[in-house]
Amino acid sequence: MAGIRDVSRKAYLRIREWLPGEPEPPESSPLPLATYTGHSGSITSLAFLPDNNYVISGSRDKTIRVWSLTEGHEIGEAIEIGRAAWAVAASGDGKFLASGGADGKVVVWDAKSHEKVVEGKERHSNWVKSLSFSSDSKRVASASTDKSVIIWSTSTGEKLAGPFTGHTDEVRCVAGAHSLSWAPDGNQIIAACYDHSIQIFDTSDGTQIARWNAHTGTIRSIAISRDGRFIVSGSIDNTVKLWDATTHQQISPPLRHDGWVRFVSISPDAKYIASGGDDKKVKLWSLRKLVEPSYIIDEVRDPVFMLLSPDPHMFVLGRRGHTG
Numbered sequence: 001m002a003g004i005r006d007v008s009r010k011a012y013l014r015i016r017e018w019l020p021g022e023p024e025p026p027e028s029s030p031l032p033l034a035t036y037t038g039h040s041g042s043i044t045s046l047a048f049l050p051d052n053n054y055v056i057s058g059s060r061d062k063t064i065r066v067w068s069l070t071e072g073h074e075i076g077e078a079i080e081i082g083r084a085a086w087a088v089a090a091s092g093d094g095k096f097l098a099s100g101g102a103d104g105k106v107v108v109w110d111a112k113s114h115e116k117v118v119e120g121k122e123r124h125s126n127w128v129k130s131l132s133f134s135s136d137s138k139r140v141a142s143a144s145t146d147k148s149v150i151i152w153s154t155s156t157g158e159k160l161a162g163p164f165t166g167h168t169d170e171v172r173c174v175a176g177a178h179s180l181s182w183a184p185d186g187n188q189i190i191a192a193c194y195d196h197s198i199q200i201f202d203t204s205d206g207t208q209i210a211r212w213n214a215h216t217g218t219i220r221s222i223a224i225s226r227d228g229r230f231i232v233s234g235s236i237d238n239t240v241k242l243w244d245a246t247t248h249q250q251i252s253p254p255l256r257h258d259g260w261v262r263f264v265s266i267s268p269d270a271k272y273i274a275s276g277g278d279d280k281k282v283k284l285w286s287l288r289k290l291v292e293p294s295y296i297i298d299e300v301r302d303p304v305f306m307l308l309s310p311d312p313h314m315f316v317l318g319r320r321g322h323t324g
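Here the sequence shown stands for residues 1 to 324, numbered as in the UniProt record's numbering.
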């Protein structure tokens, strides 16, 4: 299978004009502003620094790279991590990056100097597939194919909590009820699992607060609204689902793609959901009218592998593309 070789930044100016409340989307199709290349292997993960001006990419080429969306080029030297980076994350204060890979290690890096800050003193027994910082940047959570979630200190590398278990299959994603993947008080983490379930854990003692079967297939992505009211999940059952974060009840009928849904996100104002996947489409859904997508971007040549929407006006896509 061809690898992902580019990171495409797509800022939709027409959508910027439309989002405040116009009833219909713009007629013309938005175009990508820039495409960045540089990795020699497939891109496996993406993350935004909190000011949204920089995007972080992890790759099978054993590097992490930082890209400026305003200057249009890579910033500094690539971070050589010695192993494929299957997960990357950025802290809310912009000081740290984190990486995880097939060796089960979690490593924290200085976002400016690209120097190693600390490495987890223990490790998962299998691949690290997802990472998420707490809102105070003092902790980072890791989700692994060893069916566990662990919380680490970003200053000492000590394991602070976990492993949280109770998963019947490997954990694909971890996120929390906050824009930076934790609840505002840092007390809850939400994990989306290969066993089709969504699970909520107390971060202090690992107690499972809630669990429900959310899909009929593996959940590939989960997102939490900034106000903590909504959870969105995307699955290989070709659906996107919206949940009430308090009652855990499904809010609307499933939102459908014509292929696996690989990534979902929610706008910071909690008015829009974005989703992308193997049908080579990015769909925008208004929470006011979830029957049909409000906008469909179908110019994507390859299946959408990664999709981030840190504000309502920008998308960063990782695509499966030809290596030539």
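Note that CB positions come from ideal geometry on N, CA and C, so glycine has one too.
Beta strand (DSSP E) runs wholly inside the UniProt repeat "WD" (212-253), at least 3 long, in chain order: 219-224, 230-235 and 239-244
Would you say Pro-293 reaches chain B, if we count a Cβ-Cβ gap shorter than 8 Å as a contact? Among the chains of the structure shown, chain B does not appear; only one protein chain is present.
Which of the three DSSP states, helix, strand or coil, is assigned to Asp-146? coil
Beta-carbon separation of Ile-189 and Val-149 under 8 Å? yes
Assuming Glu-74 contacts Gly-38 under a Cβ cut-off of 8 Å, what Cβ separation, rounded to an integer in Å, is found between them? 6 Å
Apart from the five residues just before and just after Ala-90, which ones in its own chain have a Cβ nearer than 6 Å to its Cβ? Leaving aside the five residues that flank Ala-90 on each side, the residues in its chain whose CB is nearer than 6 Å to its CB run, in chain order, Ala-47, Leu-49, Ile-56 and Leu-97.
Is it a yes or a no for the region 150-164 touching the region 111-124, going by three-plus beta-carbon pairs under 8 Å? yes
Can the beta-carbon of Ser-137 be found less than 8 Å from the beta-carbon of Gly-186? no
Please list, in chain order, all residues of the same chain as Glu-22 whose beta carbon is under 6 Å from its beta carbon, the five residues on each side excluded. For Glu-22, the predicted model reports a pLDDT of 43, less than 50, meaning its position is unreliable; a value from the coordinates is still stated below. Excluding residues within five positions, none has a Cβ falling inside 6 Å.
Same chain, Cβ closer than 7 Å to Asp-237, neighbours up to 5 away in sequence not counted: His-215, Thr-216 and Gly-217
Of the residues Leu-284, Thr-247, Trp-212 and Ala-85, the one placed nearest Phe-263, counting alpha carbons only: Leu-284
Given a threshold of 16 other Cβ atoms within 10 Å of its Cβ, counted over all protein chains shown, does Ile-297 qualify as buried or as exposed? Looking at its Cβ environment, which holds 16 or more other Cβ atoms inside 10 Å, Ile-297 is buried.
Count the other CB atoms, across all protein chains shown, that sit within 10 Å of the CB of Ser-144; report buried if there are 16 or more and exposed otherwise. buried
Applying the 10 Å Cβ sphere with the 16-neighbour rule, what's the burial state of Lys-281? buried
First through last residue of the beta strand (DSSP E) which encompasses Tyr-272: 272-277
Starting from Lys-283, trace the beta strand (DSSP E) both ways and give me its first and last residue. 282-286
Asp-110 burial status per 10 Å Cβ neighbour count (16 or more: buried): exposed
Using the rule of at least 16 other Cβ atoms within 10 Å of the residue's Cβ for burial, across every protein chain shown, is Gly-76 buried or exposed? exposed
So, helix, strand or coil for Ala-111, using DSSP? coil
Simplified DSSP assignment, three categories, for Asp-136: coil
If you measure between the beta carbons of Ser-233 and Ala-192, is that distance less than 8 Å? In this structure, Ala-192 lies closer than 8 Å to Ser-233 by Cβ.
If you run the structure through DSSP and keep just helix, strand and coil, what is Arg-60? The answer is coil: DSSP assigns Arg-60 none of H, G, I, E or B.
Run through DSSP, which three-state label would Ser-91 get? If DSSP states are grouped into helix, strand and coil, Ser-91 belongs with coil.
Could you check if Gly-162 is buried or exposed, using at least 16 other CB atoms within 10 Å of its CB as the buried criterion? Buried is the label assigned to Gly-162, since at least 16 other Cβ atoms lie within 10 Å of its Cβ.
Neighbourhood of His-178 by C-beta distance below 8 Å, restricted to the same chain and skipping five residues each side: Caution is warranted here: a pLDDT of 30 is assigned to His-178, below 50, making its placement in the model unreliable, and no coordinate value can be reported.
From which residue to which residue does the beta strand (DSSP E) around Ile-297 run? Bounds of the beta strand (DSSP E) holding Ile-297 are 295-297.
Along the chain, where does the beta strand (DSSP E) containing Thr-44 start, and where does it finish? Looking at the DSSP string, the run of the beta strand (DSSP E) that includes Thr-44 is 43-48.
In the DSSP assignment, find the beta strand (DSSP E) that holds Ser-99 and state where it starts and stops. 96-100
Rounded to whole angstroms, how far is the Cβ of Val-106 from the Cβ of Gly-58, which I believe are closer than 8 Å? Not a contact, Cβ separation roughly 13 Å.
Apply the 10 Å Cβ neighbour rule to Glu-27 and answer buried if 16 or more other Cβ atoms are within range, or exposed otherwise. Its pLDDT being 45, under 50, Glu-27 is placed unreliably in this model, and the value from its coordinates should be taken loosely. So Glu-27 ends up on the exposed side.
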